[in-house]
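In my numbering, the protein residues as written are 27 to 329.
Positions of the beta carbon are idealized from the N, C-alpha and C atoms, including for glycine.
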Amino acid sequence: MRATLEDAGRLLERRGRSGVYFVLFLHSLSASGTHLVAKVVVNSIDAFTLTLIRSLIAFGGLSVVLLIRGKLPRVKRQDWPLVIVLSMLAVPVNQFLFLYGMKYTTPANAALLYATTPILVLLFSYRFLAERLTRKKIYGVILAFVGVTFVIFERGLDAGMQYVYGNLVMSMAVVAWGLYTVYGKRLIAKYGPIESTILTLSIGTLMFIPIGIFPALRFPYESLSTANWFQIGYLGLITSVIAYLLWYYALGRIEASKVALFANLQPVLTAVLAFILLGQDITGMFVVGGSLAICGVVLAQFG
């Protein structure tokens with residue numbers, strides 16, 4: 027009888043994990059165009075104004091989610107410092123530095139830098155969350171990073187000196203995202219993934235208003251095309267509402283280091299979408315790199 031119950035428990039756990047992995051796949055798919063879209067739109071609008079508009083659009087989308095969900099839980103006094111730090115990491119640091127840095131680097135460079143997120147999260151989660159640092163996790167992270175490097179090199183990585191400044195800024199955005207992921211797990215454990223996402227992005231938007239309001243008031247909005255507004259809408263709703271909700275949902279169910287590794291699927295999915303939608307070629311290097319990245323993600327899940 028006991029064995030039967032244990033088997034049933036393991037079956038339910040496997041099914042639960044399958045659902046989380048599907049959510050993470052959806053997250054990677056929804057965010058796969060982020061670097062390309064951001065690179066296009068930052069050529070038409072400054073990072074201060076873009077970050078503010080993106081955040082306000084996300085705030086509107088999250089308000090709808092909040093109306094559906096009902097009231098937010100009352101945050102305990104001792105948890106407010108964590109909420110404030112996460113909110114700052116989410117919008118004024120990560121989102122702003124990402125968009126600002128994108129102006130001075132390439133989508134391929136940005137994608138490679140973000141591919142280091144699993145390495146940072148693996149170390150941060152070991153240090154701050156006491157997650158196990160297993161061989162399978164380490165090998166999986168390395169294998170996935172090597173695979174993503176193949177994919178990105180094939181897509182046009184540029185190590186020119188003119189991109190050093192943008193790469194440095196993008197690196198700071200990556201560190202902020204890694205910390206947001208790791209420390210966010212503590213908030214999720216107390217208040218839930220949806221509530222934590224709404225809290226941090228909403229407060230982060232309020233924090234950024236004093237920073238972005240004056241450039242936003244001076245910006246000539248008539249210069250933006252219809253395509254630009256769709257691009258901003260994608261960044262505001264898809265990557266700042268749906269992607270964040272999916273990310274924190276998964277964080278509430280499996281280890282942070284395993285969640286972060288799925289970020290390495292984004293360059294692979296971007297190339298696949300480019301093949302499907304734009305007819306770009308699929309090369310042998312991409313097949314090898316994509317296969318390594320997927321194998322690395324799968325391997326780490328058994329760690």
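- Per DSSP, Lys102 lies in no alpha helix (DSSP H) and is assigned neither H nor E.
- Shown here for Leu272: same chain residues with a beta carbon closer than 8 Å to its own, the five before and five after excluded, namely Val49, Leu50, Leu52, His53 and Ser56 in chain order.
- Counting only the Cα atoms, Glu157 lies some 27 Å from Ser317.
- With a contact defined as Cβ atoms closer than 8 Å, Leu123 and Leu76 miss out at about 12 Å.
- Val314 sits close to Phe176, with the two beta carbons spaced by under 9 Å.
- Judged by DSSP in its simplified three-state form, Ser251 adopts coil rather than helix or strand.
- If you check the CB distance, Lys163 and Ala326 come in under 9 Å.
- Residues of the same chain with a CB within less than 7 Å of the CB of Ile308, apart from the 5 flanking positions on each side, are Phe301 in chain order.
- Val66 and Thr226 have their C-alpha atoms spaced approximately 27 Å apart.
- With a 10 Å radius around the Cβ and a threshold of 16 neighbouring Cβ atoms, Met196 comes out buried.
- Shortest Cα-Cα distance from Ala116 to any of Gly204, Leu194, Thr160 and Phe328 involves Gly204.
- Within the model, the alpha-carbon separation for Leu112 versus Met198 is close to 15 Å.
- The three-state reading of DSSP puts Tyr130 in coil, since its state is none of H, G, I, E or B.
- One alpha carbon belongs to Leu277, the other to Val267, and they sit about 15 Å apart.
- In this structure, the straight-line span from the alpha carbon of Ser228 to that of Leu82 is close to 9 Å.
- Under the three-state reduction of DSSP, Thr143 is assigned to helix.
- When Gly173, Ile168 and Ser283 are compared, the shortest CA-CA separation from Gly310 is found for Gly173.
- Distance from the CA of Val101 to the CA of Leu155, rounded to the nearest whole angstrom, comes to 21 Å.
- The continuous alpha helix (DSSP H) containing Gly316 extends over residues Gly310 to Gln327.
- The beta-carbon separation of Gly192 and Lys129, rounded to 7 Å, stays under the 8 Å limit for a contact.
- A direct Cα-to-Cα measurement between Val324 and Leu213 gives close to 27 Å.
- Rounded to whole angstroms, the separation of the alpha carbons of Ala297 and Gln104 is 45 Å.
- Taking 8 Å as the upper bound for CB-CB distance, Ile237 and Phe74 are in contact here, some 7 Å apart.
- Boundaries of the alpha helix (DSSP H) around Leu82: Ala73 to Arg95.
- The alpha-carbon of Gly262 is positioned some 34 Å away from that of Gly329.
- Residue state for Leu148 is assigned as helix, using DSSP reduced to three classes.
- Gln257 is not a Cβ neighbour of Tyr140, given a cutoff of 9 Å.
- Straight-line spacing of the CA atoms in Leu138 and Pro246 works out to 33 Å.
- Residues of the same chain with a CB within less than 7 Å of the CB of Thr131, apart from the 5 flanking positions on each side, are Tyr189, Gly192, Asn193 and Met196 in chain order.
- When rounded, the separation of the alpha-carbon atoms in Val46 and Glu248 is 42 Å.
- A residue is called buried when at least 16 other Cβ atoms come within 10 angstroms of its Cβ; Thr60 meets this threshold and is buried.
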